[in-house]
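Taking UniProt numbering, the leading residue of the sequence shown gets 1, the next gets one more, and so forth. Where is the CB? At the ideal position from N, CA and C, for every residue including glycine. Note that the coordinates shown come from a computational prediction; the quantities given were computed from them, not determined experimentally.
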Amino acid sequence: MADPWPAEVPASLWTFNQLSAEEVVQVPMMGVKFASGFLYAFAFGCIFIAVFAWQRFRIKTVVKSPSRALTQLGPNDLGGQAALIRAYFIYAGSILLLYVSLTFFGKLLVQMARLVPAIGIDAYADKLRFDSPQWPLMLAFGFAGLAQMLPPVAAIEGWLRLRAYRAVGIPVRLEQTMRNLIVTLERAGPKGDLEEFPLGKALSCYRAQWDGIIKGHPWAGAWARRRASRAQDLVSLLSQLELLVSWSKSKRGSWPGHEVSQTVRDLEETYVRESGDLLNEFQQRMSEPPEIDDRRLSGTREARLDDYLNTTFSKAEGLRHDLVGILAIFLERDIDSPDRTDDFKDHSYTDPALHALLIKTARADSAGTGPESGLFAALIAVFVLCTAAAWRGLQDPVGQYVERTNLYGMLISALVETLRLASLTWLPLLAAFSLRQYLWDNGDWARARYSTKPDHYAGQILVCTSLGVATGVLGLVLVAALKAFFIATNREYFAELLAGGPAPFLLYYPTQAIILPALIPLAIYSADLSKTPHRRLIWGVVAALVIGTLWLAHATYWNGTVLIRDCVSATAILTEACVRRMDLISHLALMTLTFLAVGIFGDLPERRRANVRERERTGTGVESAAGLALLAMLFPMLVLAPTSARAEPKPVRIGFRVDIAPFSYRNEASGPRQFHGYLADMCFDIFDGYPAYKVEAVPVGAKDRFDMFNAGDVDLLCDAVTMRFSERDRSEKGIYSPIVFVSGVSYLETGNRNVGAVALGFVLNATARDVALKTCHVDQFRVFMPDTRALLVERCNLRWQAALLAQRLLNEPSIVQSPASQIAVTQVDPRRRASLDAVMESWRRLHEDWETLHQRAENLNTMVQDQNITRLSTATTALIETVLSDGNGIQTCLDSLGRNAAVCAEASKALSDPRCGGIADKNASAKAPADANIPFEQRIWDDYSFCPMSDHGALIKWFCTSGKDLRRVYLGDRELIVAKRDAWARDIGSCPVQRAEGAEFLSYEPYAFLVQRKKPALAAFVQQRVYELFSNRAQMIARFNASFSRKDASGTGQPDVRMSVPLAYLFLLNAVENDTLFLPNADLSPEAAAGNRP
1 MADPWPAEVP
11 ASLWTFNQLS
21 AEEVVQVPMM
31 GVKFASGFLY
41 AFAFGCIFIA
51 VFAWQRFRIK
61 TVVKSPSRAL
71 TQLGPNDLGG
81 QAALIRAYFI
91 YAGSILLLYV
101 SLTFFGKLLV
111 QMARLVPAIG
121 IDAYADKLRF
131 DSPQWPLMLA
141 FGFAGLAQML
151 PPVAAIEGWL
161 RLRAYRAVGI
171 PVRLEQTMRN
181 LIVTLERAGP
191 KGDLEEFPLG
201 KALSCYRAQW
211 DGIIKGHPWA
221 GAWARRRASR
231 AQDLVSLLSQ
241 LELLVSWSKS
251 KRGSWPGHEV
261 SQTVRDLEET
271 YVRESGDLLN
281 EFQQRMSEPP
291 EIDDRRLSGT
301 REARLDDYLN
311 TTFSKAEGLR
321 HDLVGILAIF
331 LERDIDSPDR
341 TDDFKDHSYT
351 DPALHALLIK
361 TARADSAGTG
371 PESGLFAALI
381 AVFVLCTAAA
391 WRGLQDPVGQ
401 YVERTNLYGM
411 LISALVETLR
421 LASLTWLPLL
431 AAFSLRQYLW
441 DNGDWARARY
451 STKPDHYAGQ
461 ILVCTSLGVA
471 TGVLGLVLVA
481 ALKAFFIATN
491 REYFAELLAG
501 GPAPFLLYYP
511 TQAIILPALI
521 PLAIYSADLS
531 KTPHRRLIWG
541 VVAALVIGTL
551 WLAHATYWNG
561 TVLIRDCVSA
571 TAILTEACVR
581 RMDLISHLAL
591 MTLTFLAVGI
601 FGDLPERRRA
611 NVRERERTGT
621 GVESAAGLAL
631 LAMLFPMLVL
641 APTSARAEPK
651 PVRIGFRVDI
661 APFSYRNEAS
671 GPRQFHGYLA
681 DMCFDIFDGY
691 PAYKVEAVPV
701 GAKDRFDMFN
711 AGDVDLLCDA
721 VTMRFSERDR
731 SEKGIYSPIV
741 FVSGVSYLET
751 GNRNVGAVAL
761 GFVLNATARD
771 VALKTCHVDQ
781 FRVFMPDTRA
791 LLVERCNLRW
801 QAALLAQRLL
811 NEPSIVQSPA
821 SQIAVTQVDP
831 RRRASLDAVM
841 ESWRRLHEDW
851 ETLHQRAENL
861 NTMVQDQNIT
871 RLSTATTALI
881 ETVLSDGNGI
891 QTCLDSLGRN
901 AAVCAEASKA
911 LSDPRCGGIA
921 DKNASAKAPA
931 DANIPFEQRI
941 WDDYSFCPMS
951 DHGALIKWFC
961 TSGKDLRRVY
971 LGDRELIVAK
981 RDAWARDIGS
991 CPVQRAEGAE
1001 FLSYEPYAFL
1011 VQRKKPALAA
1021 FVQQRVYELF
1031 SNRAQMIARF
1041 NASFSRKDAS
1051 GTGQPDVRMS
1061 VPLAYLFLLN
1071 AVENDTLFLP
1081 NADLSPEAAA
1091 GNRP
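This is the structure we're talking about:
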């Protein structure tokens, strides 16, 4: 069989086989390509910064304190080597994170700055070489030197170190705790508010003892009377010092625990020994009476005693600071430190006075830390999880060209996703809890024990939330820029990704911060409930559910409800496609991080055992189990291969035309497919190989196809439906598929061309109807002489309108019963009621057509009389009289809604053209009543005859059998009318025509399938499959050949069949993919696609 492809149309639009081999850059990074020594320089810079960070970290901060313990002890002594190493990793990791960001994404930051108009920024950026080894080395040396040279950088670096200490439990505000302990001791003195507490009573006993010792010495007693205030201070100081010594020796029990280093204990023993020596020496000195009673020498001895007492006061004050400093360390480091409600009997120490001191002292570091330290560690696991998810295809890679086999691309994808989750959890919580810590340190936090603003809790949470949201939005903006940097190939594409398109990155990513106004308050409130872990667990679950809901709402807003609808079932949501489209891995990871941040993290690990006894009693050690349970929800998707949802096949009712070969026709003897043809085969192939759908074939005809579609009897109309949005009965309830065929109204002509009259045959409900009227207006077939064209448009309109009305009077379904009784019957059947409404609407339109016809007859009659025209054709004159007089019961037929069939048949006959003899009057003469002997100027005018038919079967029969004396024109879509004529000539008999291939196109007829609007998922599936079928070019050409090849009586195909140029271009434009990718069971992997390329 000859190739039907037009010679003037290119064979294919897929010309990629002409391209030279060039590797696609999967991660373009705006064209940044690092030099060979760049990574070596970067590795050296990391080592250099790590060493610098350790040296800086080991430097003991100079502390000016009256307590020797606080000046001599370093972080290693206060928190232990393990805690110090953890703090170092946090400190060094933060610096390295900044270093890595500037090393690899320095160009990104500069490009973002260049988006903002600034003088000189372009010139400066052009001088930087971000891909040379000098760039990471310059940054590394800058990090090592700037921290000490620039005060702002040094301040930030100092804050980072303190934050790292706090994150691992190393106390950093011991000076303030020590002063608070001394204040509490002073409050237990005479006339203090704690005098009646056990602490006050214990000090009172020691005070009475030392007061007696001092007053018992003659000279010391005289000094006490002389300097009463100083003496009272000395007595209080000695009593406090002895109480501290007694606690250290016996009454402190096993407190503090092993968390306190041996260095601290050794210092305490030294201070206790020095304090004991001082107290013993003072007591012994006070017990010795004066040796002489010489008045001349007594003054000197008293002066020396006065100096001794002052020296003792100073030594005792220093030793008190030393011992209280040690006690401050114990208080901040020990896991069993009391809270404001604990009973001292529940602790390892046994002295109620010590208990009173500890619970009445405001601890500077009692705020603990936020969840940021735990979240930072959890994000490492999230990075591993995202890498595995991207590798398994459960998460979209950073760019559309990144393949699973590209380890670098998978790591980059996981990095971007981890940074996004960090910007939604760790970063905003770090900012919010840092502000909370600042307010706590200043005594302003409302939930602190000794807060100065206990009534400002809601306002403080709002301020912390605002700071956290702003920080999170900033982080998300940077993540958006980072992803655009990885995807973009140049600066223009980078700007387009950030600010262009339907979902610009600068809107899509920052709007994800919608979860932060809920996450931050819940995390802060939960942290303030750190003494009630079971309540924190409940708040963690609530927070996870709230954040999950907000995240889902954000995804629905940006991706539409189609995503939720397609993946809403329990089986569908676990498929690979739904997991990837819904971003389910990140969704569950975010919920898990939220649960951990609110329900588990948010306090120091050392202090979490302060309520060990309570947890043992209540059995609330389920936090870890709950956290592991939530984390375990993520891993089955990575271990188990995703499975497709299996469900019962959905029935799809397809309406197939039975009479429009070669597009669709019935042939029950040719196998399981009862319908064949170009369109019918396409409809079957759309669902072939897809078990989710089950095809149910429904035959439809030209009369009832749209009625059945509008009534919902068919889901897909497999017909040559012309895509016309102006046709409301189609566009309101249906969705057009992509165009599946392009044709146009053409015509075949037969009969005697010497006969002036022309009969135009066409199908009633087709575009050819309107084309027929236009051909009459312009006299396409040269029927009229110049002097016979008066009132041509009016004559054409009248005869065309009458022919349409005559055919519709025969074809419209009638109302068998009275409307009232039929409406009563259909009240309980909405479907029958809808069908009745459609019939009533059709007859209402018939009334309107009749009124239009009547008006046109009146107008034409008036014009004929005004212009004194006497040569009007007999048929036209008779038609005017019939319409104006209504002597044939036309109005009666319309009023009866078709129930009076005989009257309607008579009315139709009166309006029909006699030349359409097969319908109106088989005995009517087809020859125009013109006498050849009459001069042209006196002959009666002839007119076009319009012969609408109900279907192409009746039309081809009229066209081929009406005799040679009538010039007939068959109007219709060219492929259809040519096929009808060929079939008639092959199967029935001769049907000679002037141009067997048909005339030129007179219209544009884009054919498409019509899908029910109420089934958008089916419409989307049909749309995709249509494109896939066209992508298989060889199969589509074979389908065209099988359907449109013209065959003679022997069945041999004619070699001159060619596609039209518009149809050939349609084949090209609809072929959106390489055809081999959409064959049944084809391997859609990138490797297979590359292997299938020619």
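What is the rounded straight-line gap between the Cα of Arg227 and the Cα of Val463?
Roughly 53 Å between the two C-alpha positions.
Under the three-state reduction of DSSP, which class applies to Met1059: helix, strand or coil?
Three-state result, Met1059: coil.
If you check the beta carbons only, do Leu593 and Ala378 fall under 8 Å apart?
Yes, they are a contact pair.
Check whether the segment 176-184 touches the segment 82-101, counting contact only when three or more Cβ pairs, one atom from each stretch, lie closer than 8 Å.
Flag = no, the segment 176-184 and the segment 82-101 do not touch.
In this structure, how does DSSP classify Ala924 when only helix, strand and coil are distinguished?
Model confidence at Ala924 stands at a pLDDT of 38, short of 50, so the residue's coordinates are unreliable; what they give is reported in the following sentence. In this structure, Ala924 counts as coil in the three-state DSSP scheme.
Indicate whether the contact test is met: 3 or more Cβ pairs, each with one atom in the segment 766-773 and one in the segment 1018-1029, closer than 8 Å.
No contact exists between the segment 766-773 and the segment 1018-1029.
Would you say Phe663 and Ala697 are within 8 Å of each other, going by their C-beta atoms?
No; because the gap between Cβ atoms is not below 8 Å, this pair is not in contact.
Might you give, ordered along the chain, the residues of its own chain that have their beta carbon closer than 6 Å to the beta carbon of His456, omitting 5 neighbours on each side?
Taken in chain order, the residues that qualify are Ala446.
Can you tell me where the alpha helix (DSSP H) holding Phe433 begins and where it ends?
First-last of the alpha helix (DSSP H) with Phe433: 426-441.
Quick check on the DSSP output: the beta strand (DSSP E) that includes Thr750 runs from which residue to which?
First-last of the beta strand (DSSP E) with Thr750: 745-750.
Which residues in the same chain as Asn797 place their Cβ atom closer than 7 Å to its Cβ, once the five residues preceding and following it in sequence are excluded?
So the qualifying residues of the chain are Arg856.
Exposed or buried, which one is Trp54 when buried takes at least 16 other CB atoms within 10 Å?
That one is exposed.
For the 8 Å Cβ check, are there 3 or more pairs between the segment 788-795 and the segment 858-873?
Because the criterion of three Cβ pairs below 8 Å is met, the segment 788-795 and the segment 858-873 touch.
My assumption, with CB atoms under 8 Å, is that Leu1010 sits in contact with Arg730. Please give the rounded CB distance.
Sure, about 6 Å apart at Cβ, within 8 Å.
According to DSSP, is Phe706 part of a helix, a strand, or is it coil?
Helix at Phe706.
Opposite Ser908 in the DSSP bridges: which residues?
None, per the DSSP bridge assignment.
Looking only at its chain, what residues have a beta carbon closer than 8 Å to the beta carbon of Leu846, apart from the 5 residues adjacent to it on each side?
Only Leu805, Arg808, Leu809, Glu812, Leu894 meet the Cβ criterion.
Per DSSP, Glu696 forms a beta bridge with which residues?
Arg653, per the DSSP bridge assignment.
Three or more C-beta pairs closer than 8 Å, one from the segment 573-583 and one from the segment 499-506: is that the case here?
Verdict: no, contact absent.
Going by the beta-carbon positions, is the gap between Ser423 and Val479 smaller than 8 Å?
Result yes, Cβ atoms of Ser423 and Val479 sit closer than 8 Å.
What three-state label does DSSP hand residue 1119 in the structure shown?
Residue coverage of the chain in this structure runs from 1 to 1094, which leaves residue 1119 outside it and unanswerable.
When you compare each of Val172, Thr103, Thr311, Trp984 to Met138 by their alpha carbons, which one comes out closest?
Closest by alpha carbon: Thr103.
In whole angstroms, what is the alpha-carbon distance linking Trp159 and Ser466?
When rounded, the distance between both Cα atoms is 22 Å.
Could you give the residue range of the alpha helix (DSSP H) that holds Arg769?
Where Arg769 is concerned, the enclosing alpha helix (DSSP H) stretches over 768-777.
Please list, in chain order, all residues of the same chain as Ala224 whose beta carbon is under 7 Å from its beta carbon, the five residues on each side excluded.
Once the five neighbours on either side are set aside, the close Cβ partners of Ala224 are Ile214, Lys215, Ala231.
Alpha carbon to alpha carbon, what distance is there between Ala759 and Asp779?
Computed Cα separation, rounded: 12 Å.
Nearest to Val416 by CA position, among Leu358, Ala389, Leu482, is which residue?
Here the closest residue by C-alpha is Leu482.
Nearest-angstrom Cα distance between Leu439 and Trp551?
So the alpha carbons of these two residues sit roughly 31 Å apart.
Apart from the five residues just before and just after Ala488, which ones in its own chain have a Cβ nearer than 7 Å to its Cβ?
Excluding sequence neighbours, Ala488 sits near Pro28, Met30, Phe494, Leu497.
Asn923: buried (16+ other C-beta within 10 angstroms of its C-beta) or exposed?
Residue confidence for Asn923 is low, a pLDDT of 37 falling below 50, so the modelled location carries little weight; the figure read from the coordinates is stated next. It is exposed - the Cβ of Asn923 has fewer than 16 other Cβ atoms within 10 Å.
Cβ atoms of Gly734 and Leu1002: under 8 Å apart, would you say?
It is not a contact, given that the beta carbons lie outside the stated cut-off.
What are the boundary residues of the beta strand (DSSP E) that Glu1005 is part of?
Taken as a continuous stretch (DSSP letters only), the beta strand (DSSP E) holding Glu1005 covers 1005-1012.
State the Cα-Cα distance for the pair Ala680 and Ile654, rounded to the nearest angstrom.
Spanning the two alpha carbons is a distance of roughly 10 Å.
What do you get for Phe725, buried or exposed, if any count of 16 or more other CB atoms within 10 angstroms of its CB means buried?
Answer is exposed; the Cβ neighbour count stays below 16.
For Asp715, count the other beta carbons within 10 Å of its own beta carbon; 16 or more makes it buried, fewer makes it exposed. Which is it?
Buried: at least 16 other Cβ atoms inside 10 Å.
Could you tell me the alpha carbon to alpha carbon distance between Leu640 and Arg392, rounded to whole angstroms?
Residue placement at Leu640 cannot be trusted, given a pLDDT of 43 that sits under 50; what the coordinates show is reported in the next sentence. Computed Cα separation, rounded: 10 Å.
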